[in-house]
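Colleague: Position in the sequence shown counted from 1, then plus 1128, gives you the numbering used here.
Glycine residues also receive a C-beta, built at the ideal position from the N, C-alpha and C atoms.
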Amino acid sequence: SEEAMPSKASSIYYDIETKRIAWLDYVLSAVYVYDENGKFVKQMEPSDSEFEKFSKIDIDTATYSMLKQNLLKVIYLKILNLNDKTVQLIGSLPRLYMTVEGSDTSVDYSNEMCIIDKGIDSASTIVSTIKFPEELNKKGFFPKHVNIYTYDSMILLPVYKGWPVIGSKGFDSTNYSASYNPFVDSFYDYTPLFYAIDTRNDSIKIVGNLSQQFKDDKSGYYNYRPKFIAKDNRLYFHDGYSGYFLVYDKKFKIIDTLFCLPAKKGIVRNTYNSNNTEQTPLEYLNATRMDIDTKIVDLKVVGNRLLLLYQYRDVMLLNNYNLTDRTSSIYKIDDKTNSTNKQNKYAISCTQDKALVTKVYDGIAKISFTKYIQL
């Protein structure tokens, strides 16, 4: 199955190098670009080439215009990169199929996921199409394109399986096989984090597995929040929950495992009690989510240091993690302007000896807070 549009109305992307801000409006599928002073630069909307890439079939102009106006949708899902010339994003583009059977002709509709470069002063370019392998669908996995990353020619696609990430009805163990049931141990025999798909030949590399924390809590993929960053031919993957980073080389071979967050405290749920009539399965999973007191916000790698910006309860912290001796220096980001507001976005930029933590108000395109930290 495919995910719907994001549940929030907009998101914001800030590029520290050019100090430009791109605001993505999910409702209108529009991108608004601002400069470092908050001055409006450009509004970007779906182009004719994006509408027609997969939908221009052999039908008359009037019918196509009617379909474009009433049915065909270009949906922008996530901004990947931003500079002074281009906004790169994930888009869902319409595809039309024509089927002729005897004297009957039918037109079917679906969507194709693509990476799109939208030029600030030039036309849009559809860089590549994102194909999710059919054999993975058969194994019960599905992607979330809003969490996609790219690396060289690779598309890094987080994958999910099992209830309640898949399935809308209430949980009943008789309705779900072991591969869909997060409350049984065998569910965790095969739980990859990412599929790395090479756009040159469609080959696939499997990255990681859910950590033991997921199995202990019996939370399946419910609390999975993927993170990725690459630096100096090393690839860092994180599940957003356990505190473990998996380190791979550029050939996607694992070379290290790091633990960069405080050890988790509190109750560890070893199993779901199916006889507990006072708590539904979904209430149980929501309880595991409430136990998560640490949220990864952003990460960067500079030299031999991993800079990890994270929110611990109501406090924003920066962990300067030394990759050589595996020690940490923790800095409190003392922001008096409501650091935990979900409408704000924090980001890290860094040099060899300084880190800059910046906050941008979502939807206002205004930098409201910065803090320099000497490393």
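Closer than 6 angstroms by C-beta to Ala-1150: which residues in its own chain qualify, once you throw out the five before and the five after it? Chain order, please.
Modeller: Cβ within range, chain order: Tyr-1141, Val-1159, Val-1161, Ile-1207, Leu-1210, Val-1215.
Colleague: Measure the CB-CB distance between Leu-1374 and Phe-1365 and report whether it falls below 8 angstroms.
Modeller: Their beta carbons are under 8 angstroms apart, which means Leu-1374 touches Phe-1365 by this criterion.
Colleague: Buried or exposed, going by whether 16 or more other CB atoms sit within 10 Å of the CB of Arg-1148?
Modeller: When all chains shown are included, Arg-1148 counts as buried.
Colleague: For Lys-1170 and Phe-1299, what's the separation of their Cα atoms in angstroms?
Modeller: Looking at the two C-alpha atoms, the distance is approximately 47 angstroms.
Colleague: Using three-state DSSP, classify Asn-1398 as helix, strand or coil.
Modeller: Its pLDDT being 46, under 50, Asn-1398 is placed unreliably in this model, and the value from its coordinates should be taken loosely. In this structure, Asn-1398 counts as coil in the three-state DSSP scheme.
Colleague: Among Leu-1284, Pro-1286, Val-1287, Asn-1309, which one has its Cα closest to the Cα of Gly-1295?
Modeller: For the residues Leu-1284, Pro-1286, Val-1287, Asn-1309, the minimum Cα distance to Gly-1295 belongs to Asn-1309.
Colleague: Give the straight-line distance between the Cα atoms of Ser-1467 and Thr-1302, rounded to the nearest whole angstrom.
Modeller: With a pLDDT of only 49 at Ser-1467, under the threshold of 50, the placement of this residue in the model should not be trusted; the figure read from the coordinates follows. Taking the straight line joining both Cα atoms gives about 44 angstroms.
Colleague: Among the residues of its own chain, which have a CB less than 8 angstroms from the CB of Ile-1395, if the five just before and after it don't count?
Modeller: Bear in mind that the predicted position of Ile-1395 carries a pLDDT of just 44, short of 50, making it unreliable; the figure below should be weighed with that in mind. Excluding residues within five positions, the ones whose Cβ falls inside 8 angstroms are Asp-1419.
Colleague: Cβ atoms of Gly-1368 and Pro-1354: under 8 angstroms apart, would you say?
Modeller: Their beta carbons are under 8 angstroms apart, which means Pro-1354 touches Gly-1368 by this criterion.
Colleague: Which residues in the same chain have their Cβ closer than 7 angstroms to the Cβ of Asn-1239, if we skip the five residues on either side of it in sequence?
Modeller: So the qualifying residues of the chain are Ser-1220, Leu-1221, Pro-1222, Arg-1223.
Colleague: If I'm right that Tyr-1350 touches Leu-1413 with Cβ under 8 angstroms, what's the distance once you round it to whole angstroms?
Modeller: Going by Cβ atoms, the distance from Tyr-1350 to Leu-1413 rounds to 5 angstroms, so yes, they are a contact pair.
Colleague: Is the beta carbon of Ser-1138 sitting closer than 8 angstroms to the one on Asp-1153?
Modeller: In contact: Ser-1138 and Asp-1153 (Cβ atoms closer than 8 angstroms).
Colleague: When you compare the CB positions of Phe-1179 and Leu-1156, do they come within less than 8 angstroms of one another, or not?
Modeller: No, Cβ-Cβ distance for Phe-1179 and Leu-1156 is not below 8 angstroms.
Colleague: Once DSSP output is grouped into helix, strand and coil, what is the label at Glu-1145?
Modeller: Glu-1145 falls in the coil class under three-state DSSP.
Colleague: How far does the alpha helix (DSSP H) with Lys-1355 in it extend, from its first residue to its last?
Modeller: Unbroken run through Lys-1355 is the beta strand (DSSP E), 1355 to 1359; no alpha helix (DSSP H).
Colleague: Express the C-alpha separation of Asp-1236 and Lys-1487 in angstroms, rounding to a whole number.
Modeller: If I take the Cα positions, the gap works out to 44 angstroms.
Colleague: For a test of the three-state rule: what should DSSP assign to Ser-1220, helix, strand or coil?
Modeller: Three-state result, Ser-1220: strand.
Colleague: Is Asp-1345 helix, strand or coil by DSSP?
Modeller: The answer is helix: DSSP assigns Asp-1345 an H, G or I state.
Colleague: Among all the DSSP beta bridges, which residues are the ones paired with Phe-1182?
Modeller: Bridge partners of Phe-1182: Arg-1223.
Colleague: Would you report the Cα separation of Tyr-1438 and Ile-1424, rounded to the nearest angstrom?
Modeller: Taking the straight line from one Cα to the other gives about 4 angstroms.
Colleague: Count the other CB atoms within 10 Å of the CB of Arg-1433; is the residue buried (16 or more) or exposed (fewer)?
Modeller: It counts as buried.
Colleague: Measure the beta-carbon distance from Arg-1441 to Asp-1421 and round it to whole angstroms, keeping in mind my assumption that it falls under 8 angstroms.
Modeller: Rounded, the Cβ-Cβ distance is 5 angstroms, consistent with contact.
Colleague: Measuring alpha carbon to alpha carbon, tell me which of Val-1255, Val-1287, Asn-1165, Thr-1416 ends up nearest Ser-1281.
Modeller: For the residues Val-1255, Val-1287, Asn-1165, Thr-1416, the minimum Cα distance to Ser-1281 belongs to Val-1255.
Colleague: Nearest-angstrom Cα distance between Arg-1454 and Asp-1326?
Modeller: Rounded to the nearest angstrom, the two C-alpha atoms are 32 angstroms apart.
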